[in-house]
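Shown next, in structure tokens, is the structure this report addresses.
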Amino acid sequence: MITRSRREVQSNESVTRISQTIGDRSALASALDLPLERLAYSDAADALFRMKAPASFVARIDPADPSDPLLRQILPRHQETETVAGYEDDPVGDLAAGRVPGLIHKYAGRALLIVTGACAIHCRYCFRRNYPYRKQRLDVEQACDYLSRKTGIREVILSGGDPLTLSNQRLVKLIEALERIPHLTTLRIHSRIPVVAPERLDPDLLALLGQGRLKRVVVIHANHPNELGASARAACQALSEQGAMLLNQSVLLRGVNDCAETLAALSLRLFEAGVLPYYLHLLDHARGVAHFDIPREEARALHDALCAQLPGYLVPRLVEEIPGERSKRVIAGEPAGS
4 MITRSRREVQ
14 SNESVTRISQ
24 TIGDRSALAS
34 ALDLPLERLA
44 YSDAADALFR
54 MKAPASFVAR
64 IDPADPSDPL
74 LRQILPRHQE
84 TETVAGYEDD
94 PVGDLAAGRV
104 PGLIHKYAGR
114 ALLIVTGACA
124 IHCRYCFRRN
134 YPYRKQRLDV
144 EQACDYLSRK
154 TGIREVILSG
164 GDPLTLSNQR
174 LVKLIEALER
184 IPHLTTLRIH
194 SRIPVVAPER
204 LDPDLLALLG
214 QGRLKRVVVI
224 HANHPNELGA
234 SARAACQALS
244 EQGAMLLNQS
254 VLLRGVNDCA
264 ETLAALSLRL
274 FEAGVLPYYL
284 HLLDHARGVA
294 HFDIPREEAR
304 ALHDALCAQL
314 PGYLVPRLVE
324 EIPGERSKRV
334 IAGEPAGS
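Be aware that the sequence shown starts at 4, since it is given in our numbering, and climbs by one per residue.
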């Protein structure tokens, strides 16, 4: 059971702080001190998937570099409006694996809860950018009933959107409900918040993430070493001090991290912050993201070059997700003997 501190568990201030975002062409140009015409901003792409990024993330962009890897992750571009064969609204088969609203059960031993559609940042390559969140709104009671009946499930994954955009109060209620299910052993949280809005990890949130019966695993999401400034590294270290296992997953993205030296620098910076590289994903083929894609053989070559630069424990597995398969497909980086 999660123990509340003397003061009532709150996060209104933190949620307000991460809601201070850059959300349109003019605000982005102003934040970067650039003329509007230099942004190559597509209003049509923005209408399909609204731009959103924390001001602190935008502050890490180099305004002198039109190809800045952080800018590429948030800037609506005209390529997103193009129709490309094989790029779909549900690229990884989430909807087919839905069991009750907001619960996805694809893999043995674990289930995923889509606890919110909200994110602190709208990544242009997001595989759930077209996901019908309103129709699939999580029903906690139904989800817990399903989990209670499926005694083979040991781990629950909180995903979204970003679960750490929820208030501390809502997180407490959800986690307490999960901890009442006796056969669950592990709570995994997938979040980009520690990287893009580390100020969200206030003392109350850190405390509730460190308490409770379930073993905590936090999977952060960083794609480029420039994302991991001092605040992000401090947030990761604070999570580690609460006893959470920290892993990172990245997506291999054209023009962002399609370079072995960049990926090596990312792994080293993660390790400095107490985070182990976990997965390097091939791009999921969501509608509107084809311009980020990297062919499998090029990805293999990049991974081979990364292996030549780093010890094995700092090399993430190169994986892809195939709808209907019972696990992620490992392309490179399978542990020896497995």
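Even for Gly, the Cβ is constructed at its ideal location relative to N, Cα and C.
Span of the alpha helix (DSSP H), counted from its first residue to its last, around residue i
| i | result |
| --- | --- |
| residue 272 | 263-275 |
| residue 243 | 233-244 |
| residue 35 | 28-35 |
Three-state class that DSSP yields for residue i in the structure shown
| i | result |
| --- | --- |
| residue 290 | coil |
| residue 113 | strand |
| residue 320 | strand |
| residue 303 | helix |
| residue 311 | coil |
| residue 39 | helix |
| residue 259 | coil |
| residue 230 | helix |
Alpha carbon of residue i to alpha carbon of residue j, nearest angstrom
| i | j | result |
| --- | --- | --- |
| residue 345 | residue 271 | This structure gives no information on residue 345, because the portion of the chain shown stretches from 4 to 341. |
| residue 244 | residue 277 | 10 Å |
| residue 28 | residue 65 | 17 Å |
| residue 247 | residue 223 | 12 Å |
| residue 208 | residue 88 | 43 Å |
| residue 255 | residue 74 | 16 Å |
| residue 229 | residue 42 | 20 Å |
| residue 315 | residue 39 | 44 Å |
| residue 180 | residue 159 | 12 Å |
| residue 13 | residue 197 | Bear in mind that the predicted position of residue 13 carries a pLDDT of just 39, short of 50, making it unreliable; the figure below should be weighed with that in mind. Their backbone Cα atoms lie some 18 Å apart in a straight line. |
| residue 26 | residue 319 | 32 Å |
| residue 214 | residue 205 | 15 Å |
| residue 283 | residue 261 | 11 Å |
| residue 202 | residue 218 | 24 Å |
| residue 170 | residue 126 | 22 Å |
| residue 306 | residue 257 | 14 Å |
| residue 338 | residue 37 | Because residue 338 sits at a pLDDT of 48, beneath the cut-off of 50, its placement in the model cannot be relied upon, and the following sentence gives the value as read from the coordinates. If you take the alpha carbons of residue 338 and residue 37, they lie about 47 Å apart. |
| residue 147 | residue 211 | 20 Å |
| residue 186 | residue 71 | 46 Å |
Unbroken beta strand (DSSP E) run spanning residue i, endpoints
| i | result |
| --- | --- |
| residue 253 | 248-254 |
| residue 224 | 218-224 |
| residue 333 | 332-335 |
| residue 281 | 279-284 |
| residue 101 | 101-103 |
Contact between the region 257-274 and the region 323-334 (3+ Cβ pairs under 8 Å):
The region 257-274 vs the region 323-334: no contact.
What residue ranges within the region 137-211 form continuous alpha helix (DSSP H) runs of no fewer than 4 residues, ordered along the chain?
Runs found: 143-152, 171-182, 196-199.
Specify whether the region 75-89 and the region 288-297 touch according to this definition: at least 3 beta carbon pairs, one from each stretch, less than 8 Å apart.
The region 75-89 vs the region 288-297: in contact.
Uninterrupted alpha helix (DSSP H) stretches inside the region 52-83 (no shorter than 4 residues)
List check, alpha helix (DSSP H) in window: 58-61, 72-77.
Are the region 129-144 and the region 183-199 touching, with three or more C-beta to C-beta distances below 8 Å?
No, because fewer than three Cβ pairs between the region 129-144 and the region 183-199 fall closer than 8 Å, the two stretches do not touch.
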